[in-house]
Structure formats: C-alpha cells, structure tokens
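Peer 1: Those letters in the sequence shown? Residues 103 to 290, per this note's numbering, in order. Let me begin by handing over the structure; questions about it come next.
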Amino acid sequence: MIYEALNKNIDIAAQSLLNGEIIVYPTDTLYGFGVDATNENAINKLNQLKKRIQPLSIIVSSYKMLYDLCVVDKNKIDLNKYFPGPYTLLFNKKDKLPNILTVNSKKIGIRIPESDFAIKLVDTINKPIVTTSVNIHNEDSLNDIYKIKNKFPDLNIFSGIVNEGSKGSTIIDCTKACTTIVRQGDGI
Numbered sequence: 103m104i105y106e107a108l109n110k111n112i113d114i115a116a117q118s119l120l121n122g123e124i125i126v127y128p129t130d131t132l133y134g135f136g137v138d139a140t141n142e143n144a145i146n147k148l149n150q151l152k153k154r155i156q157p158l159s160i161i162v163s164s165y166k167m168l169y170d171l172c173v174v175d176k177n178k179i180d181l182n183k184y185f186p187g188p189y190t191l192l193f194n195k196k197d198k199l200p201n202i203l204t205v206n207s208k209k210i211g212i213r214i215p216e217s218d219f220a221i222k223l224v225d226t227i228n229k230p231i232v233t234t235s236v237n238i239h240n241e242d243s244l245n246d247i248y249k250i251k252n253k254f255p256d257l258n259i260f261s262g263i264v265n266e267g268s269k270g271s272t273i274i275d276c277t278k279a280c281t282t283i284v285r286q287g288d289g290i
C-alpha cells in the first residue's frame, strides 16, 4: 500500500517495522528499504529480498543514539559538518547491534538524514532502522514510487520527496587515524 510520508502515517510505518516487516521510505537522497535494525529476522528478510548479504547502514535520530551504538572519536570528526545530511559515516560498532547487520564486520554505516519522516520514525520506535537503496542486488536503484510499487507490491511504501538525481550518500570511513572517502555521492 502507498501512504504519504507524513506525521499522520508515522504510526503505520512504526508498527510495520515493529512487526518485522520491510518498508520503503524517503530519505534526503533516495528511497530506502527499512527494517528494525535490531530484528535479525527482519534483516534476514531484507537480505533475501535484495538477494545479497552485505553490510547494511542504519539511521539514528540523534548523537546520543550514535554514541550509544558506536565508538566515536569526537576529537577526530566534527559530526555537525555531516549530520543531518547526505552522508554515511563508518564507525566501529558496539556489541548492541546484531552481527548480521554488518556481516560480522566491526564497522557500521551511520546516517542522520535531513528527512523529518525518517528521524521521527526512528524516534517513534526508539531503535535505529536499516537504510539501503530500493533495488535487487546488481540492479539500478528505484526512485519512482510507482516502479517501486510494481516491483515490490507487498510492501508498505511511504511516498515523499527524494533527490531524483541522487547518487546516494557519500560514505566516509571514520575508523582510522585519518578519515577517508569510500564512495563519493551526494554532499561533496
């Protein structure tokens, strides 16, 4: 079903996530598949849908949530330069997140997008949510709501404004002495 990505529909999206379902929602770059990032069964379903097993990034709603889940050297990086915005920052994760999320890697990608809907959704369930492009592995990302509905008819889809020409978020590795750009996307 297609819903507008508005406050009045946050509870529908939140309940879908808490029920272990996959949703589609807008970010400040592309539409994303989302699941509760603490639910291993939901993560497995997402991996099956995308036909791949690779590390997944998550959206958090605050620096407090970020610090609770990751090891962050506050002296090395100015988070205000990147958040909120079209960036994914890689940090070493703490043990609070399931290993399936990162395919046993110590690194986790973190986003705080400039998307009221995504941030309110995280706040509503009080858990991080997975963010990954809407596509099957090795296929182009879908950014048109009707193409998404046609390809994934059983998902709850929350329609909003996304960046039509987006290359996705810029990924920056913050786990080493110097930060390095892993993928150049929007934002740089």
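Glycine included, C-beta positions come from ideal geometry on N, C-alpha and C.
Measure the alpha-carbon distance for glycine 136 versus serine 271 and round it to whole angstroms.
Peer 2: Residue 136 sits at position 34 when you count from the first residue of the sequence shown. Residue 271 sits at position 169 when you count from the first residue of the sequence shown. Using only the alpha carbons, I get a separation of about 16 Å.
Peer 1: Could you work out which residue in Asn111, Ser217, Cys172 and Leu151 is closest to lysine 208 when comparing CA atoms only?
Peer 2: Residue mapping note: residue 208 aligns to position 106 of the sequence shown, counting from 1. When each option's Cα is compared against that of lysine 208, the closest is Cys172.
Peer 1: From what residue to what residue does the beta strand (DSSP E) around asparagine 258 run?
Peer 2: On the sequence shown, residue 258 is found 156 positions in, with the first residue counted as 1. Run containing asparagine 258: 258–261, per the beta strand (DSSP E) assignment.
Peer 1: Ordered along the chain, which non-local residues of its own chain (more than five positions away) have a Cβ less than 8 Å from that of isoleucine 157?
Peer 2: To locate residue 157, count along the sequence shown from 1; it is residue 55. Strictly speaking, residue 157 in this sequence is proline, with isoleucine absent from that position. Result list for proline 157: Leu203, Thr204, Val205, Ser207, Lys209, Ile210 and Gly211, in chain order.
Peer 1: To which residues of the same chain is serine 235 closer than 7 Å at the C-beta, ignoring the five residues directly before and after it?
Peer 2: Indexing the sequence shown from 1 puts residue 235 at position 133. Once the five neighbours on either side are set aside, the close Cβ partners of serine 235 are Leu132, Gly134, Ser243 and Gly270.
Peer 1: Give a single yes or no on whether leucine 132 has its beta carbon closer than 7 Å to a heavy atom of the ligand GDP.
Peer 2: In the structure on display, the ligand GDP does not appear, and there are no ligands present to speak of.
Peer 1: Checking 8 Å against the spacing of the C-beta atoms, do leucine 257 and isoleucine 124 come in under that value?
Peer 2: As a first step, residue 257 is located in the sequence shown; it is residue number 155 there, counting from the start. As a first step, residue 124 is located in the sequence shown; it is residue number 22 there, counting from the start. Against a cut-off of 8 Å, the Cβ pair of isoleucine 124 and leucine 257 comes out as a contact.
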